[in-house]
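What follows is a single structure, written as structure tokens, with notes after it.
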Amino acid sequence: MQTIRRKISIFFILCSICAIFLCTLFVNLTINNKFNEYMINAQNKRYERIISFLQETYKRDGKWSESSGVELTHEAYMSNYCLTLLDNNKKVIWGMDPNDIRNKLHFKNMNVKDQGVYTSKIFEIKIGDKLVGYVDIGQYSSVLLTEDDVNFKMSIIKSIVASGLVTLAIIIAISLYISKQLATPIKDVANMSMNLSEGKFYTKSTIKSDIKELESLRKSINVLAEKLKNQDIIRKRLVSDISHEIRTPLNILQNNIEAMIDGVFPVTTERLNYLNEEVVRFGKLLNNLNLLKEFEEESIKLNFEKVSLKDLIKDIYNDFNMVAEKKGINLKLKLGDNSEYYITGDKDKLKQVFINLISNAIKFTEKGNSIWISLNYERDKVIAEVEDNGIGIEEEDVPFIFERFYRGDKSRHETQGNGIGLTIVKTILQLHSANIEVESRKGKGTNFKIYFNIYK
Ligand code: ADP
């Protein structure tokens, strides 16, 4: 199995080698063709120049002699071609020896395909329409290249190859860098998911990337880790909380019953009532846990219907009025105009929401204070509020109060409750597509606001 870095690097390098090879090949072929074209042009011009020189010589002398145009031989020798002057009967007037040129040439330096094969061309020399002679121009390659020409051509080829190699080196460096940029965060996320699978939830992926997808992958795995960590904490706390919740009433029951059996405590109605309250509390805890389990397994069936929140809240208000009065709390109802505040929902479950909120408000509000229950409209929402001026919630506890078994401030542990009420509220509201918000200040009071969609 290959690493992503290796794979990306090999892929980049292979692609670049192909691209550079093809580029170099095409550039080289084009330059070669253009260069040969240029040389052939130059050669044709030279032929024309030789012929016109010999024409001028003939015009000047009126005939051929052994010295006619012989000045050309020096240049011909230096430029590696061979001249022979013939009269109009093709009789040689003077001529150079091809072997002289052959001996001085180093064919291996010449970059032409038919190097070393002697070829010659005969051109007519005419004055007007009259043919006066011929010149034979021979050479050892189809295109003649001087040493400078060959050097020029070689230096171009060398620079093309060198630039190809330099480009390749740069591409290798860039591909190694890019593959590292891609591979390192992926490797980090892979390591992190490995850690998560081993239950190490406290790890975090810290290698940032400027690639959008990788950065969002990193962020989401960090969020996942955070969630798993919280779930793990909640799970551990759940076990300890449940055992604590069960042990406390059981201990109270056991100690009291044992004391009664031993005759330490007299069996009075008051004591039996007290023990019964513990049994009821215990039963409530089990009911709540069962309810929560059903919600979480989504096995609960909701009976959605048109519900008048006004009627529903009025009923609950009547149920709680006595309880609040007993505690010396003023429970007030503010239902605004004559609207019914219709929403779609499951009546029983909605009742449970308000029961939990109002019983919490009563629980956490001291004698002499008040609780307000109100209903209002805000655009296409019905807003239900349960507000109290009770003990309030610590700022740091507010974000967690909807979590299972979360019970604010530890000092309130004596107050009855098991930290499930608000979790049930939130779960029921989610099933109704409703939102709940809480505002609370320690010592000032708490306000729960629920936003329901209006019945349409
Ligand atoms: P509990 O059974 O403990 O009341 P809940 O889930 O209903 O559990 O509430 C969680 C915590 O939120 C409570 O322990 C309490 O700290 C805080 N809380 C809820 N409602 C109020 C309120 N009206 N005033 C003050 N604190 C509240």
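Residue 1225 in this note's numbering is what sits at position 181 of the sequence shown, and the numbering runs on without skipping anything.
By construction, the Cβ of each residue, glycine as well, lies at the ideal position given by its N, Cα and C atoms.
Rounded C-alpha distance that separates residue i from residue j
i: phenylalanine 1167; j: asparagine 1195; result: 31 angstroms
i: valine 1098; j: lysine 1107; result: Reading the sequence as shown, one finds leucine at residue 1098 and not valine. Taking the straight line from one Cα to the other gives about 11 angstroms.
i: leucine 1209; j: asparagine 1072; result: 15 angstroms
i: asparagine 1317; j: valine 1482; result: 36 angstroms
i: serine 1199; j: leucine 1127; result: 31 angstroms
i: asparagine 1295; j: valine 1323; result: 11 angstroms
i: leucine 1466; j: leucine 1333; result: 12 angstroms
i: tyrosine 1246; j: arginine 1281; result: 17 angstroms
i: glycine 1307; j: isoleucine 1286; result: 32 angstroms
i: aspartate 1144; j: serine 1123; result: 12 angstroms
i: glutamate 1081; j: aspartate 1192; result: 17 angstroms
i: asparagine 1462; j: asparagine 1497; result: 30 angstroms
i: alanine 1206; j: valine 1114; result: 46 angstroms
i: asparagine 1266; j: threonine 1409; result: 40 angstroms
i: glycine 1380; j: asparagine 1239; result: 56 angstroms
i: lysine 1244; j: isoleucine 1218; result: 36 angstroms
i: methionine 1236; j: isoleucine 1373; result: 53 angstroms
i: tryptophan 1110; j: asparagine 1085; result: First, the residue type needs correcting, since residue 1110 is glutamate and not tryptophan in the sequence shown. Taking the straight line from one Cα to the other gives about 30 angstroms.
Test item: CB-CB of residue i and residue j under 8 angstroms
i: leucine 1212; j: isoleucine 1052; result: no
i: methionine 1140; j: threonine 1163; result: no
i: aspartate 986; j: alanine 1405; result: In this structure the chain extends from 1045 to 1500, so residue 986 is not present and cannot be described.
i: lysine 1354; j: tryptophan 1416; result: no
i: isoleucine 1360; j: lysine 1395; result: yes
i: aspartate 1390; j: leucine 1356; result: no
i: threonine 1490; j: glycine 1412; result: no
i: threonine 1068; j: isoleucine 1204; result: yes
i: glycine 1436; j: lysine 1376; result: no
i: aspartate 1232; j: serine 1260; result: no
i: phenylalanine 1079; j: lysine 1263; result: no
Burial state of residue i (16 or more Cβ within 10 Å)
i: serine 1455; result: In this prediction, serine 1455 scores a pLDDT of 45, lower than 50, which makes its location untrustworthy; the coordinate-derived value is nonetheless stated afterwards. Burial call: exposed.
i: tyrosine 1125; result: buried
i: histidine 1288; result: exposed
i: valine 1367; result: exposed
i: phenylalanine 1065; result: exposed
i: valine 1469; result: buried
i: glutamine 1298; result: exposed
i: threonine 1471; result: buried
i: arginine 1093; result: exposed
i: lysine 1202; result: exposed
Cβ shell of residue i (< 7 angstroms), same chain only, five flanking positions each side left out
i: isoleucine 1095; result: Phe1167, Ile1169 and Val1179
i: isoleucine 1216; result: Ile1057
i: tyrosine 1495; result: Lys1425, Ile1427, Ala1478 and Asn1479
i: arginine 1049; result: Ser1223, Lys1224 and Ala1227
i: aspartate 1131; result: Trp1108, Ile1137 and Gly1177
i: tyrosine 1499; result: Lys1350, Tyr1386, Ile1387 and Thr1388
i: arginine 1146; result: Tyr1184
Residue i CB to nearest heavy atom of ligand 1 below 7 angstroms
i: isoleucine 1464; result: yes
i: arginine 1451; result: yes
i: alanine 1405; result: yes
i: phenylalanine 1408; result: yes
i: isoleucine 1435; result: yes
i: asparagine 1001; result: The chain is shown from 1045 up to 1500; residue 1001 falls before or after that span and cannot be answered.
i: asparagine 1400; result: yes
i: isoleucine 1286; result: no
i: isoleucine 1445; result: yes
i: aspartate 1381; result: no
i: aspartate 1441; result: yes
Beta carbon proximity, residue i to chain D, threshold 8 angstroms
i: leucine 1346; result: Chain labels in this structure do not include chain D; a single protein chain is all it has.
Residues near residue i by beta carbon distance below 8 angstroms, same chain, minus five either side
i: asparagine 1300; result: Phe1309, Arg1315, Tyr1318 and Leu1319
i: serine 1352; result: Glu1384, Tyr1385 and Tyr1386
Spatial neighbours of residue i in its chain, beta-carbon cut-off 6 angstroms, leaving aside the 5 residues before and after
i: tyrosine 1421; result: none
i: phenylalanine 1492; result: Leu1401, Val1430 and Val1482
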